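Colleague:
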Amino acid sequence: MPYINYVEFNVGDVDASRDFYKKVFDWDPQPWGADDYLLAAHGDEPGIDTGITPSPDGEPFTVATITVDDIAGYMAKVLVAGGEIVVPRFEIPDIGEACYFTDPTGMVVGLFQPEVGRQTSEVR
Numbered sequence: 003m004p005y006i007n008y009v010e011f012n013v014g015d016v017d018a019s020r021d022f023y024k025k026v027f028d029w030d031p032q033p034w035g036a037d038d039y040l041l042a043a044h045g046d047e048p049g050i051d052t053g054i055t056p057s058p059d060g061e062p063f064t065v066a067t068i069t070v071d072d073i074a075g076y077m078a079k080v081l082v083a084g085g086e087i088v089v090p091r092f093e094i095p096d097i098g099e100a101c102y103f104t105d106p107t108g109m110v111v112g113l114f115q116p117e118v119g120r121q122t123s124e125v126r
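Numbering (my numbering), first residue to last: 3 to 126.
#1: Report yes or no: do the segment 5-14 and the segment 44-60 share at least 3 C-beta pairs separated by less than 8 Å?
#2: Counting C-beta neighbours from all protein chains within 10 Å, is the total for Leu-81 16 or more, i.e. buried, or is it exposed?
#3: Check Ala-78 in the structure and name its three-state DSSP category.
#4: Excluding the 5 residues flanking Gln-115 on each side, which residues of the same chain have their C-beta closer than 8 Å to its C-beta?
#5: Output the distance between the C-alpha atoms of Arg-126 and Ala-43, rounded to the nearest integer angstrom.
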């Protein structure tokens, strides 16, 4: 069954957000992948890994990402159900594939398919 495995905070100021979450929750977000992208990985501790990234328009919003076994199939289901693909399918090297969609109310949600043979617990 598909499940939420990742949350992304899209923020106006990545450094200020990193400092805030470190002070409040003792998270230690580290640079990961793209420029200005930080990852607060929880390792073996309970919780969902959290990305902190610049918001495209500077306005903050949160995206939950759902892990699926067939990203193309779920993208088709999104369209049939009245959603819209807003960021086309893209590769995350050595990790898997992702895309973003909006539901009919405008909520942004991510889809993620791990690289074949990888478990989401290895994707860090």
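Every residue, glycine too, gets a C-beta built ideally from N, C-alpha and C. This structure is a prediction, so every number in the text was calculated from the model and none was measured.
Modeller: Let me spell this out:
#1: yes
#2: Within the sequence shown, numbered from 1, the residue matching residue 81 stands at position 79. Counting Cβ neighbours within 10 Å, Leu-81 comes out exposed, since fewer than 16 surround it.
#3: In the sequence shown, counting from the first residue as 1, residue 78 sits at position 76. Residue state, collapsed to three classes: helix.
#4: For the purposes of this step, residue 115 is taken as residue 113 along the sequence shown, with counting starting at 1. Thr-69, Val-70, Asp-71, Asp-72, Ile-73, Gly-98, Glu-99 and Ala-100.
#5: Locating residue 126 in the sequence shown gives position 124, counting from the first residue. Locating residue 43 in the sequence shown gives position 41, counting from the first residue. The predicted model places Arg-126 with a pLDDT of 44, which falls under 50 and marks its position as unreliable, so this point remains unresolved.
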